[in-house]
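Read the structure below first, then the notes.
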Amino acid sequence: MTTSTAPQQTAIAPNRTVSQLQRLRKMSAAQWATEILKYAVLLFLAITFLLPFYWMVSSAIKNDTQVYTVPPVLWPDPQFWNNFWDAWSSENFNLFTFNTVVRYAIPATVGTVFSSAMVAYSFSRIRWIGRDTVFALVLATLMIPGWVRLVPLFIIFKKLGWLNTFWPLVVPNFFGNAFFIFLLRQFFMSLPDELSDAARIDGANELQTMFRIILPLSVPALAVVALFTFMDAWNDYLGPLIYVNIEEKWVLALGVQRLRNAVAEIGNRQLAYPYLMAVSSLITLPIFLAFFFAQRSFIEGISLTGLKG
Amino acid sequence: MSQMSMNNLSRRDFLRGLSALSVSGLLAACSPAGTPSGSEAEGGDTGASQEGKTISYWVFWGSPGAIADELLADPELGKYIGEGNTIDFKSGVDQQARLTAVAGGTPPDVGILGEYLDFMSRGVVDPLDSYIETSEVISQDKFIPGNWEVIQYQGTVYGIPGFECFVRRGLEFNSRMIEEAGLDPENPPVTWDELFSWHETLTKFDDAGNLVQYGIDPYDAEGGTGPGNDGWFMAESWGFDYFDPDTKEFNLDNEMMVQGLETMGEFIKLIGPDNLAGMRQVEGQGTWGGAFNAEVQAMIIEGYWHPGETVNEKPEVAPFNRSAWVPVPEARRGTKIQFGGGHMAMLFKDGGNKEEAFGVTEWIQSDYVCNLIFDKIGWLPAYLPYFDNADQEKYPGLKFYFDSVKEATYWGPFIICEIQSFIETQYQQVREQVFRGEITATEAAAQLQDEAVKEWKAAGFA
Amino acid sequence: MSVLTQIRQITPRERRNILVGLLFALPWLIGFLGFTLYPIVSSFYYSFTRYDLLRPPVFLGFDNYVNLITDDQDFRIVVYNTVWWVLFSAPLGVLSAFLMALLLNTNIVARSFFRAVFFFPSIVPVVVTAFVWQFLLNIQYGAVNGTLQSLGLPTVPFLSDPKLVKPTLILIHMWAQGAAMVIFLATLQDVPRSLYEAATVDGANALRRLWHITIPMVSPIILFNAVLSFISGFQYFTLPWLLSGGTGGPNQSTEFYSLFLYRNAFVYLRMGKANALAWILFAVIIFFTFVLFRASGRFVYYAGNSR
């Protein structure tokens with residue numbers, strides 16, 4: 005657990021505990037004070053950062069009395085664990101999950117990974133005149149505020165008859181995402197040229213080289229792209245807000261908002277806050293699990309996007 | 020290598036890309052940007068087979084959703100929409116959803132969706148006169164006159180009053196809280212000054228200065244809205260018409276408006292705007308009535324729906340519910356204000372199943388639907404035949420509204436102003452600036468007038 | 039450069055590479071034309087019209103722009119709010135990320151635990167962030183004010199006082215800086231240890247090492263994060279939208295540029311005005327980014343360039 009997952013750390017990791025012990029022994033009083041202060045700050049921050057999540061989960065298993073008591077109830081007794089299930093079934097969250105995952109996140113992820121990889125391949129592994137200028141154009145599009153495109157895209161999708169379908173949310177993903185093109189390009193460029201040269205000598209064309217040589221070697225980077233795209237879709241609020249207005253096609257974010265609106269009717273609606281917190285917990289859980297099991301991909305992926313160096 | 024090239028790229032190539040982008044953008048911008056209006060898709064009428072049409076029917080309220088199954092179980096439903104057809108009913112359709120659906124060409128076949136005048140004036144709903152001529156259920160003489168008035172635009176009927184209409188002005192109060200404060204529930208306030216003194220008595224803070232109870236938020240009226248299909252309570256109370264549909268002139272910058280903003284602002288200042296805003300985060304910003312039900316708020320300006328809703332939502336508070344006339348300024352003492360308006364079902368042009376959709380507007384007048392809605396939610400339609408049997412004393416405080424129909428001395432005018440929803444938003448903004456002491460009521464009235472005149476031009480009505 | 043001369047001497051091999059390269063880049067090129075360039079151009083056109091989607095567009099010339107800039111009370115408010123937001127959120131967000139990264143980059147036990155804790159808020163669904171904070175900070179029932187209340191202290195109207203809402207949003211913003219923090223951390227770990235060792239030998243204390251080694255070495259990342267924060271700060275939407283229930287309140291204090299734009303487009307159906315707003319935003323973002331990059335030349339240290 006204490007071993008850092010960042011690759012540059014692995015080399016020194018085995019000696020770390022030992023060296024730390026040695027260090028502790030050699031410390032002066034002033035250094036001790038600094039150390040204590042450091043951990044005090046760290047712990048304070050960690051608690052502050054975790055508090056909202058603790059509050060979310062603990063409020064999910066409260067009843068109304070426990071929610072509205074002053075001073076606040078830190079841990080409810082008794083706990084109402086059935087709130088999770090009751091809240092989940094108070095709206096059609098199974099359907100919203102299906103919509104979010106199957107109709108939105110998965111197609112969007114597949115589209116983004118393949119199209120971005122292909123375009124990134126062009127910008128990294130094929131030498132063509134004008135490539136860097138076009139690539140700079142790709143980067144420049146990152147600056148374009150989504151709001152400039154919003155209304156015209158709405159009008160285009162309206163004319164295509166795509167409103168209230170998932171097409172407006174999914175289809176653009178099949179045309180590459182500038183950020184991920186950039187990320188994958190960086191990764192592809194770090195692979196030695198000799199690999200492709202060898203494949204070319206063996207008579208492979210670019211498509212074969214990409215699929216057989218480059219992509220298999222880039223699985224970590226592709227996983228990062230997939231993970232992030234999936235998460236963006238899972239978390240997306242504005243897109244569905246604009247394009248998907250019928251309840252059969254709602255995604256989780258809109259369902260949660262409906263629960264929030266129920267909170268507005270407090271006094272009318274019972275268990276509004278516990279339900280809201282319960283469903284919030286439940287839709288955060290997959291993100292938490294993904295993060296827990298793929299922490300390395302997350303951290304490395306984000307580091308990669310950061311123009312390292 | 021890759022890292023270094025990235026560093027180089029981040030500035031020079033970036034700027035190069037940027038210039039390339041702007042040049043290509045300019046080039047494209049100079050070429051004629053034709054925007055053909057696009058061939059509109061054919062209406063949804065085509066291709067419906069003999070049996071099993073599905074009529075989509077949306078309402079913006081959430082509460083009918085809870086009784087949707089019971090409503091649709093009406094054995095007589097087939098008589099209105101054709102045997103074998105079904106209704107796809109959606110409730111709780113919020114504002115963005117309904118506006119984008121209508122603007123985006125994917126509206127329901129029929130719906131009660133608010134924004135009525137916007138829909139009428141922009142021509143996205145069907146005129147209904149020809150349907151009404153042949154209808155056995157719908158005709159003008161069967162509806163409360165005030166309700167029939169709001170469904171018309173430039174002489175044409177575009178909506179049929181829905182199941183939440185009737186009369187819409189009353190001061191509701193919680194007799195238990197009133198008595199507890201040493202006030203007499205048999206003598207409710209009739210002027211704003213009297214109301215304010217009740218408000219003062221009923222507003223309480225704890226030792227730390229936290230608000231624990233308050234008298235009234237007068238902006239609660241109609242859920243805090245301004246002019247609309249529910250009239251405009253402030254204008255009615257002070258007795259001015261904010262717009263003249265004939266001369267197209269606004270009358271927002273007047274002494275009555277200033278008085279209104281000032282008077283109502285005092286109520287909020289007493290509670291504290293932040294306390295109120297915080298309260299609204301709990302009680303909801305768009306919805307109202309929660310604080311009353313929670314017995315934190317002792318009085319509220321609402322309509323006939325309040326007695327029934329309270330019984331259905333908070334039965335333990337309902338027995339204390341009383342209704343009285345809404346307050347007026349001292350100069351109008353004795354004026355008894357009432358307003359007939361409410362909501363209507365509309366047929367959307369881009370929707371289909373026209374005949375059946377109109378059938379839905381007939382169906383919602385039926386005893387079956389009206390009884391369910393009256394029992395389970397507490398709402399009443401505008402349909403006179405239904406009132407012959409409706410129990411006037413079903414809910415505490417309801418009788419006042421039935422009596423008020425005969426006793427009212429001033430019926431709020433229904434004013435058609437195409438930019439009413441804009442004025443509503445502006446009104447909500449300036450009134451907050453007034454009660455927060457950022458501008459004076461005089462400035463607010465002038466600003467409102469100014470904004471309204473500008474918007475009238477900008478929206479292309481001038 | 040010599041692009042022009044190269045075009046004349048293009049070899050068949052190069053031509054083939056151009057074709058293949060373009061072919062592979064085709065998805066992006068098509069997407070660029072269809073989902074970026076065309077929308078931008080038509081947005082530009084619509085910005086000169088009055089268009090409510092329901093009736094055909096009416097050409098107005100510069101009216102939308104002129105009215106916005108000279109004669110729109112709300113526009114002034116949203117510009118003030120947005121500029122305020124960008125000026126405070128971008129530096130404070132970057133600072134928060136940088137400080138967290140510095141703390142994690144020291145010699146600590148359970149580093150990956152703390153890193154996970156600091157990072158996690160940045161990947162939580164925004165609806166959850168919004169509603170959980172709203173609940174925590176609620177003036178009556180929130181845990182924070184509930185605690186204050188039980189101590190007999192006055193409550194703090196975090197989200198209901200117009201003066202406090204934006205600072206509260208800043209706090210939430212600083213809480214969700216995990217992604218930027220991870221980028222900083224990775225960069226900090228790349229700073230050669232030898233540099234610090236040499237400096238320590240020379241007698242430089244921690245503060246001097248920070249100022250003379252760490253900050254210069256990570257300055258490109260500071261710039262990168264700052265630019266990203268600026269660009270996204272101008273477009274700040276979802277959190278204030280959700281926190282204010284779509285109203286931009288209290289008293290328009292969270293009515294940021296994009297909320298105003300959204301409202302004009304999808305609530306008032308004033309597509310022309312919304313597009314004019316979008317284009318003003320576009321111009322401002324390009325200008326700011328340009329200025330940032332130009333100004334950055336003075337203080338950003340590129341290891342690769344100067345060696």
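Chains as they are written, first to last, in our numbering: chain A, 5 to 313; chain B, 20 to 481; chain C, 39 to 345. Where a beta carbon is used, it is the ideal one built from N, C-alpha and C, also for glycine.
Within its own chain, the residues whose Cβ lies closer than 7 Å to the Cβ of A:Asn-181, once the five positions on either side in sequence are excluded, are Thr-116, Ser-120, listed in chain order. Our two residues, A:Phe-186 and C:Leu-209, have alpha carbons roughly 31 Å apart in a direct line.
Counting only the Cα atoms, A:Leu-256 lies some 8 Å from A:Ile-287. When CB distances to chain B are screened at a threshold of 8 Å, not a single residue of the region 63–74 of chain A falls below it. Taking 8 Å as the upper bound for CB-CB distance, B:Pro-237 and B:Phe-286 are in contact here, some 5 Å apart.
Annotation for C:Leu-186: Thr-193 place their beta carbon closer than 6 Å to its own, counting only its chain and skipping 5 residues before and after. Among the residues facing chain B, C:Leu-209 is not included, as its CB has no counterpart in that chain under 8 Å away.
For B:Asn-312, the secondary structure class from DSSP, reduced to helix, strand or coil, is helix. Interface annotation, B:Val-169: not in contact with chain C, CB-CB separation never under 8 Å. Counting along the chain, A:Val-45 sits inside no beta strand (DSSP E); it lies in the alpha helix (DSSP H) bounded by residues 33–64. From the listed residues B:Leu-214, B:Gly-361, B:Gly-397, the smallest Cα separation to B:Ile-320 is found for B:Leu-214. Counted as a single uninterrupted DSSP element, the beta strand (DSSP E) harbouring B:Gln-232 occupies residues 230–232. In the structure shown, C:Thr-206 adopts helical secondary structure according to DSSP, grouped into three states. Bounds of the alpha helix (DSSP H) holding B:Tyr-420 are 417–426.
For B:Ala-364, the uninterrupted beta strand (DSSP E) run begins and ends at 363–366, by DSSP.
Where C:Val-104 is concerned, the enclosing alpha helix (DSSP H) starts and stops at 101–109. With respect to the 8 Å criterion, B:Phe-419 and B:Gly-360 are not classified as neighbours on the basis of their beta carbons. If you draw a straight line from the Cα of C:Ser-282 to the Cα of B:Gln-173, it is about 37 Å long. If you check the CB distance, B:Glu-437 and B:Leu-136 come in under 8 Å. CA-CA distance, C:Asn-102 to A:Phe-178, rounds to 35 Å.
For A:Asn-96, no CB of chain B lies under 8 Å from its own CB, so it is not counted at the interface with that chain.
Taking 8 Å as the upper bound for CB-CB distance, C:Phe-62 and A:Val-123 are in contact here, some 6 Å apart. When Cβ-Cβ separations below 8 Å define contact, A:Phe-295 makes contact with chain C. Within the same chain, Phe-86 come within 8 Å of C:Gly-99 by CB-CB distance, once the 5 residues on both sides are set aside. Excluding its 5 nearest sequence neighbours in each direction, B:Ala-120 has C-beta neighbours in its own chain below 6 Å: Pro-126, listed in chain order. In the three-state reduction of the DSSP assignment, B:Tyr-150 falls in the helix class.
Residues of the region 167–199 of chain A with a Cβ closer than 8 Å to any Cβ of chain B, in chain order: Leu-167, Asn-168, Gln-190, Met-193, Ser-194.
B:Val-144 is not a Cβ neighbour of C:Leu-92, given a cutoff of 8 Å. Residues of chain C with a Cβ closer than 9 Å to the Cβ of B:Arg-455 are, in chain order, Pro-200, Pro-288, Asn-289. Against chain A, the CB of C:Gly-190 has no partner CB under 8 Å away; the residue lies outside that interface. Partner residues in the beta bridge of B:Ser-75, as assigned by DSSP, are B:Asp-107. Secondary-structure assignment with DSSP links B:Leu-190 through a beta bridge to B:Ile-320, B:Ala-343. B:Tyr-261 carries a coil assignment under DSSP once its states are collapsed to helix, strand and coil. In this structure C:Phe-173 is in contact with C:Gly-180, their Cβ atoms being roughly 6 Å apart against a cut-off of 8 Å. About 5 Å separates the beta carbons of B:Gly-181 and B:His-362, which is inside the 8 Å limit, making them a contact pair.
Taking the beta carbon of C:Thr-193 as reference, the chain B residues within 7 Å of it are Asn-229, listed in sequence order.
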